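J.: Structure provided below as structure tokens; questions to follow.
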Amino acid sequence: MAKKKVKIDHSACIGCGCCVGSFPEDFQFNDAGLAEPVTGEAEAEAADLCPVGAISVEE
Ligand code: SF4
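According to my numbering, the sequence shown is numbered sequentially starting from 26.
In structure tokens, the structure reads:
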């Protein structure tokens with residue numbers, strides 16, 4: 026599946042690791058323990074994984 030542009034709302038992210046664990050090629054933790062996109066693109070399903078809705082994917 027094609028990857029899409031992704032953004033993370035750091036005021037919402039709780040650092041649960043769901044995105045990093047499921048898509049380690051797309052997400053990594055920053056020094057604050059919050060998720061960051063690795064390349065700025067990710068699988069669209071990643072947005073559904075986040076329990077707090079911090080991941081937004083450009084359609
Ligand atoms: S799934 Fe959501 S809350 Fe969990 S680390 Fe990723 S962006 Fe943060």
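Positions of the beta carbon are idealized from the N, C-alpha and C atoms, including for glycine. Fair warning: this is a prediction, and the values are worked out from it, not measured in the lab.
Hey, residue 32 and residue 66 are a contact pair by Cβ (cut 8 Å); roughly how many whole angstroms apart?
T.: Residue mapping note: residue 32 aligns to position 7 of the sequence shown, counting from 1. Residue mapping note: residue 66 aligns to position 41 of the sequence shown, counting from 1. Not confirmed; about 11 Å, so no contact.
J.: Could you check whether residue 74 and residue 35 sit closer than 9 Å to each other, using their CB atoms as the reference points?
T.: The residue given as residue 35 occupies position 10 in the sequence shown. The residue given as residue 74 occupies position 49 in the sequence shown. Their beta carbons are not under 9 Å apart, which means residue 35 does not touch residue 74 by this criterion.
J.: Report the option in 83, 39 and 54 whose CA atom is closest to the CA atom of residue 70.
T.: Residue numbering aside, residue 70 sits at position 45 when the sequence shown is read from its first letter. For residue 70, the nearest C-alpha among the options comes from 83.
J.: Is any non-hydrogen atom of the ligand SF4 found closer than 8 Å to the C-beta of residue 63, if you look at the structure I gave you?
T.: Along the sequence shown, one-based indexing puts residue 63 at 38. No - the ligand SF4 has no heavy atom lying nearer than 8 Å to the Cβ of residue 63.
J.: To the nearest angstrom, how far is the alpha carbon of residue 72 from that of residue 56?
T.: Stepping through the sequence shown from its first residue, residue 72 is reached at position 47. Stepping through the sequence shown from its first residue, residue 56 is reached at position 31. So the alpha carbons of these two residues sit roughly 22 Å apart.
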